[in-house]
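Enquirer: With the working numbering applied, the sequence shown has no gaps in its numbers, which climb one by one up to 128 at the end.
Beta carbons are placed, not taken as given, at the ideal position from N, Cα and C, and that holds for glycine.
This one's a predicted model, so the numbers in the text were calculated from it and none came from an experiment.
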Amino acid sequence: CIGVNSFQTVLIAVSITSIAFMVYILFKMADLLETSVKRATGYDHTFNKLYLVIFNIYYFNYMVNKLDELV
């Protein structure tokens, strides 16, 4: 019983870390995209970042739900 519980805890911790890392990469990519678009068009695409933030929140919720199914 104790072994299973600790394994689940480790699994959750690893998943949360990977989710956080993926979100960080997504934000980095969004920043790169924004700067490249700005450089190309000279236009500030702030709404793109907002859309990405909404997508990240949706994706995070999806991953948390998947974790709940696993545990």
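Just to confirm my understanding: we take Thr66, look at its own chain, exclude 5 residues before and 5 after, and list those with CB closer than 6 angstroms. What are they?
Expert: For this step, residue 66 is matched to residue 9 along the sequence shown. Answer for Thr66: no residue qualifies.
Enquirer: Mind checking Ala87: buried by the 16 CB within 10 Å criterion, or exposed?
Expert: Stepping through the sequence shown from its first residue, residue 87 is reached at position 30. When all chains shown are included, Ala87 counts as buried.
Enquirer: Tell me whether the beta-carbon of Leu83 lies closer than 8 angstroms to the beta-carbon of Leu124.
Expert: To locate residue 83, count along the sequence shown from 1; it is residue 26. To locate residue 124, count along the sequence shown from 1; it is residue 67. Result no, Cβ atoms of Leu83 and Leu124 do not sit closer than 8 angstroms.
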